[in-house]
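Participant: Let me give you the structure first, and then I'll get to my questions.
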Amino acid sequence: MEINRSSNSQKDYSISCARFIAMCLIVSCHMMQRDDFSTDIHGAHIGWAFWFNIGVQMFLFISGYLYGKKKKIDILPFYKKSFPKILVDYYVFIIVMLIVIYFSPLLDAGVSGAFRLLTFSGTVPGLNHLWFISTILFCYLLTPVFSEIINAIGARNTCRFWIESIVLLLLVQVVIISFFGSFNAAWINCFVVGMIYCKIEQREKMDRHLFNVVVIVLCLLIIPIQFRIDYWPHRELPAPIASQYGQFTNYGHVCLGIAAVILIRFIFNRFNTKEDRHHLLDWSDKYSYDVYLVHHVFVQSAFGCVEFISNRWVALPLAVILSIICAVLLYQVSYFIRIKLIAVFQLMSKA
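The sequence shown: position 263 = 263 (our numbering), numbered continuously.
Written as structure tokens, this is what we have:
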């Protein structure tokens, strides 16, 4: 959900388009999840929410890609700029929600639930989507390290570039599983791949074509296998395979999310003829993070519109409208707080 605040003449609107579609996919996913929207095809019961939630992987890949553009990241300035963009909006939202929950009989977070939300150690029913915040913060924490490594890898010749990139991804997988088990290694690697892909774009076209082919091939291999195992009758998987099946499906989602971003950018650049601003995409860049924070309340929590309005054709559009209104309000309040905090810190530094 990284926001590109560069001037419009330099702005890559294909990234903005991919981010907007990712936001739409996530909102749609939670709508489908709420009503168990599914299709029966030749004996297979397919839940579509699972496939629409690749918007999360799209966001991670895009964020990594944008940070991969930076030639050098100074740790303290980077943290001072990046973390407040996530934390201020998050804490404003959480404080408001905890107050609402305290006075409402519809949800019960309790002291332990409030502690989990405030420390990113867990979520509560109705706000389950906030697991993503700890993941993106963890990615931001490691970004300066990843940047140094990937910038060095980007200077290698073709063979060394690919070998060292693969080694890096394997190391991240092992380290996350071994020492940071509360995080999903595939999601962290999705962010890292985004940073690597930025370097691939700066290399020979053959490198980019090779990457695209690899991603497409992996999608074509993983997704049919997953459909066969998840949706059609089958014998139980052998224990060694079953224990690793979750990682298999996670990386299938990563590949699908990456492929979606690449395809959207290709189509956008192929058919976009406008040289001027795209107002909808500018709006999405500005508010997509806040839409992510608030939408779950109106879509899938006990406060969801469908809880009070039985007609889905009325409830779901209303949920989207309320999400947009509250996202704008959240952004404006958080922006005001960020400005005040910056002013306070500047005064303290001068004192």
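Just so you know, even glycine gets a beta-carbon here, dropped at the ideal spot from N, CA and C. Nothing here was measured: the structure is a model prediction, and the numbers come from that model.
#1: Distance, Cα to Cα, Ser134 vs Ile188?
#2: Which of the three DSSP states is assigned to Ser38 in this structure?
#3: Going by C-alpha distance, which of Pro240, Gln10, Pro105 is nearest Phe303?
#4: Terminal residues of the continuous alpha helix (DSSP H) containing Ile262?
#5: Report yes if the CB atom of Gly181 is closer than 8 Å to the CB atom of Gln57, and no otherwise.
#6: Could you tell me whether the Cβ atoms of Tyr13 and His278 are closer together than 8 Å?
#7: In the structure shown, what three-state DSSP assignment does Ile324 receive?
#8: For Ala259 and Ile216, which I take to be in contact (beta-carbon distance under 8 Å), what is that distance rounded to the nearest angstrom?
#9: Within 10 angstroms of its Cβ, does Cys17 collect 16 or more other Cβ (buried), or is it exposed?
#10: In whole angstroms, give me the CA-to-CA distance for His45 and Ile86.
#11: For His45, list the residues DSSP reports as bridge partners.
#12: Can you tell me whether DSSP reads Glu275 as helix, strand or coil?
#13: Relative to the C-alpha of Tyr65, which candidate in Phe191, Ile321, Ala185, Phe78 has its C-alpha closest?
#14: If we require 4 or more residues per run, which alpha helix (DSSP H) segments fall completely within the stretch 45–133?
#15: By the 10 Å Cβ neighbour count, where 16 or more other Cβ atoms means buried, how is Ser243 classified, buried or exposed?
#16: For the alpha helix (DSSP H) holding Glu307, just list the boundary residues, first then last.
#17: Taking C-alpha atoms, which residue in Glu275, Phe248, Asp207, Tyr231 lies nearest to Leu221?
#18: By the 10 Å Cβ neighbour count, where 16 or more other Cβ atoms means buried, how is Ser178 classified, buried or exposed?
#19: Report all residues from its chain with a CB closer than 6 Å to the CB of Trp48; omit the five preceding and five following residues, and keep chain order.
#20: What's the gap between the Cα of Ser6 and the Cα of Ile150?
#21: I'd like the span of the alpha helix (DSSP H) that includes Asn212, first residue to last.
#22: Return helix, strand or coil for Gly181, following the three-state DSSP convention.
#23: Could you check the C-alpha separation between Arg312 and Asn53 for me, to the nearest Å?
#24: Is any heavy atom in the ligand GTP found nearer than 7 Å to the beta carbon of Cys255?
#25: Shortest alpha-carbon distance to Phe183 belongs to which of Ile229, Cys139, Cys305?
Facilitator: Reading off the structure:
#1: In a straight line, the C-alpha of Ser134 is about 11 Å away from that of Ile188.
#2: It is a strand residue.
#3: Distances from the alpha-carbon of Phe303 to those of Pro240, Gln10, Pro105 put Pro105 closest.
#4: 239–271 is the span of the alpha helix (DSSP H), which, as asked, contains Ile262.
#5: Cβ atoms of Gly181 and Gln57: not closer than 8 Å.
#6: A contact, by the Cβ cut-off of 8 Å.
#7: In the three-state DSSP reduction, Ile324 falls in the helix class (H, G or I).
#8: Confirmed, Cβ separation roughly 6 Å.
#9: A residue is called buried once 16 or more other Cβ atoms fall within 10 Å of its Cβ, and Cys17 is buried on that count.
#10: Approximately 37 Å, taken between the alpha carbons.
#11: Under DSSP, the beta-bridge partners assigned to His45 are Asp40.
#12: Coil.
#13: Relative to Tyr65, the option among Phe191, Ile321, Ala185, Phe78 whose CA is nearest is Phe191.
#14: Listed in chain order, they are 49–52, 55–68, 75–103, 110–119.
#15: Classification of Ser243: exposed, given that the 10 Å Cβ count is below 16.
#16: Unbroken run through Glu307: none, as it is neither H nor E.
#17: The option with the nearest alpha carbon to Leu221 is Phe248.
#18: So Ser178 counts as exposed.
#19: Only Met32, Phe37 meet the Cβ criterion.
#20: Because the pLDDT of Ser6 is 40, which lies under 50, any placement of that residue in the model is unreliable, and the number read from its coordinates should be weighed accordingly. So the two alpha carbons sit approximately 23 Å from each other.
#21: That run of the alpha helix (DSSP H) goes 205–231.
#22: It is coil, neither helix nor strand.
#23: Taking the straight line from one Cα to the other gives about 20 Å.
#24: As for the ligand GTP, it is missing from this structure, which has no ligand bound.
#25: Closest by alpha carbon: Cys139.
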